[in-house]
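Peer 1:
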Amino acid sequence: MEEKSLSQQESLQLITKMINQAKNHYYESGWGALLWGFTNFICFILAYLDATAKWFNMPFNPFYLMGITFILQFYFDRKEKKYKQAVTYKDETHTYIWLAFGISVLILTIGGAFADIGYITLPILLLLFAIPTFITGCINKFPPFIIGGIACWILCVAALFLHSYFTYLLVALGAGIAWIIPGFILRARFYRNKAKSKDGF
Amino acid sequence: MDFKELDPILHSQLRLAVMSLLISVKEAEFTFLKEKTNATAGNLSVQMNKLKDAGYIDIIKQFNNNYPQTICKINSKGVEAFENYVKALQSYMTL
Chain S
297 MEEKSLSQQE SLQLITKMIN QAKNHYYESG WGALLWGFTN FICFILAYLD
347 ATAKWFNMPF NPFYLMGITF ILQFYFDRKE KKYKQAVTYK DETHTYIWLA
397 FGISVLILTI GGAFADIGYI TLPILLLLFA IPTFITGCIN KFPPFIIGGI
447 ACWILCVAAL FLHSYFTYLL VALGAGIAWI IPGFILRARF YRNKAKSKDG
497 F
Chain L
349 MDFKELDPIL HSQLRLAVMS LLISVKEAEF TFLKEKTNAT AGNLSVQMNK
399 LKDAGYIDII KQFNNNYPQT ICKINSKGVE AFENYVKALQ SYMTL
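Those protein sequences? They're chains S and L, same order as listed.
Going from the first sequence to this note's numbering is simple: count from 1 and add 296.
Going from the second sequence to this note's numbering is simple: count from 1 and add 348.
1. Could you say if the region 324 to 343 of chain S and the region 455 to 473 of chain S meet the contact criterion of at least three C-beta pairs nearer than 8 Å?
2. Does the distance from the C-beta atom of V373 of chain L to that of A447 of chain S stay below 8 Å?
3. For a cutoff of 8 Å on Cβ pairs, would you count L399 of chain L as touching chain S?
4. In chain order, what are the residue ranges of uninterrupted beta strand (DSSP E) at least 3 long that sit wholly in the region 367 to 439 of chain L?
5. Beta-carbon within less than 7 Å of Y334 of chain S's beta-carbon, same chain only, minus the 5 sequence neighbours each way: which residues are those?
6. In chain S, which residues lie with their C-beta within 8 Å of the C-beta of Y440 of chain L?
7. With distances taken Cα to Cα, identify the nearest neighbour of F380 of chain L among L:C420, L:A429 and L:Y440.
8. Residues in its own chain within less than 8 Å of L422 of chain S by CB, not counting five upstream and five downstream?
9. I'd like to know whether the C-beta of Q410 of chain L is nearer than 8 Å to at least one C-beta of chain S.
10. If you measure between the beta carbons of I338 of chain S and L361 of chain S, is that distance less than 8 Å?
11. Return the chain-ordered ranges of every alpha helix (DSSP H) run that is complete within the region 310 to 360 of chain S and spans a minimum of 4 residues.
12. Would you tell me roughly how many angstroms separate the C-alpha atoms of L395 of chain S and T429 of chain S, rounded to the nearest one?
13. In chain order, what residues of the same chain lie with their CB nearer than 6 Å to the CB of F430 of chain L, ignoring the 5 residues before and after it?
14. Could you name the residues of the region 318 to 332 of chain S whose beta carbon sits closer than 9 Å to any beta carbon of chain L, in the order they occur along the chain?
15. Below 8 Å, can you find three or more Cβ-Cβ pairs linking the region 377 to 391 of chain L to the region 324 to 333 of chain S?
16. Please classify F411 of chain L as buried or exposed, where buried requires at least 16 other C-beta atoms within 10 Å of its C-beta.
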């Protein structure tokens with residue numbers, strides 16, 4: 297692009313083109329969805345087995361594994377920051393939505409653990425899973441997240457009627473549909489875009 | 349008919365492209381602007397300095413993992429100038 301004077305029409309076209317380019321800039325490698333999807337999936341399966349299977353005994357609370365995920369997230373966040381060339385207003389919105397979600401989940405799970413109400417909090421947890429996932433899907437026009445959010449709402453209704461440890465499996469399923477599947481799709485898209493940009497696309 | 353004068357700082361292809369990109373994001377790296385505008389680093393750098401001297405953008409130079417990094421942001425004066433420029437353009441277009 298050279299430094300040249302423009303007609304009014306050209307100026308408006310250039311503004312529109314650049315705003316669209318910036319608006320469509322979406323850097324998402326999918327690692328976050330995969331990391332938290334698998335962590336939740338594994339933790340809830342282990343919690344179910346721990347609560348129901350006599351042959352299975354966890355030496356510690358399976359949800360302590362989430363601590364490792366927090367450390368991994370911190371590491372990957374730092375790594376990703378290097379490659380993120382721009383911070384969009386959409387990125388900022390995502391950060392606040394997921395931060396609010398994280399705080400809500402912490403309050404619910406820690407509060408639930410202290411009140412010793414076990415699986416009774418799980419339908420609310422599914423409801424919380426659905427909200428940021430659905431919003432993220434809508435903002436980025438990414439159907440797998442929208443479907444994941446809707447699936448969590450349906451699973452929440454099912455969980456409300458299930459008064460058993462089987463609810464743990466519903467949450468694991470929710471994590472799988474809402475985050476693991478979209479995470480793999482995002483990952484594939486990320487590698488595809490990376491290959492394209494290497495070709496000078 | 350009252351014609352609004354077009355800001356000469358913004359009425360240039362590369363500077364207008366940079367401002368249009370920066371108004372759409374919170375902040376961007378120099379490499380992002382270079383990639384989106386297809387400009388050479390030298391030319392882009394010169395035009396960015398003109399925008400900075402006009403007080404429209406802020407440029408922050410820092411190090412990220414031992415690599416130099418240039419972060420660019422549009423400031424409130426830049427937003428106002430951009431809005432005025434678009435309004436002026438619209439006044440010409442409605443003729």
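Virtual Cβ for every residue (Gly too), placed ideally from N, Cα, C.
Peer 2: Short version:
1. yes
2. no
3. no
4. 373 to 377, 405 to 412 and 415 to 422
5. In the sequence as presented, Tyr is not what sits at residue 334 of chain S; that position holds Phe. The answer, listed in chain order, is I476.
6. Q304
7. L:C420
8. C448, W449, L451, C452, A455, L466, V467 and G470
9. no
10. yes
11. 327 to 348
12. 13 Å
13. M367 and I371
14. A318, K319 and H321
15. no
16. exposed
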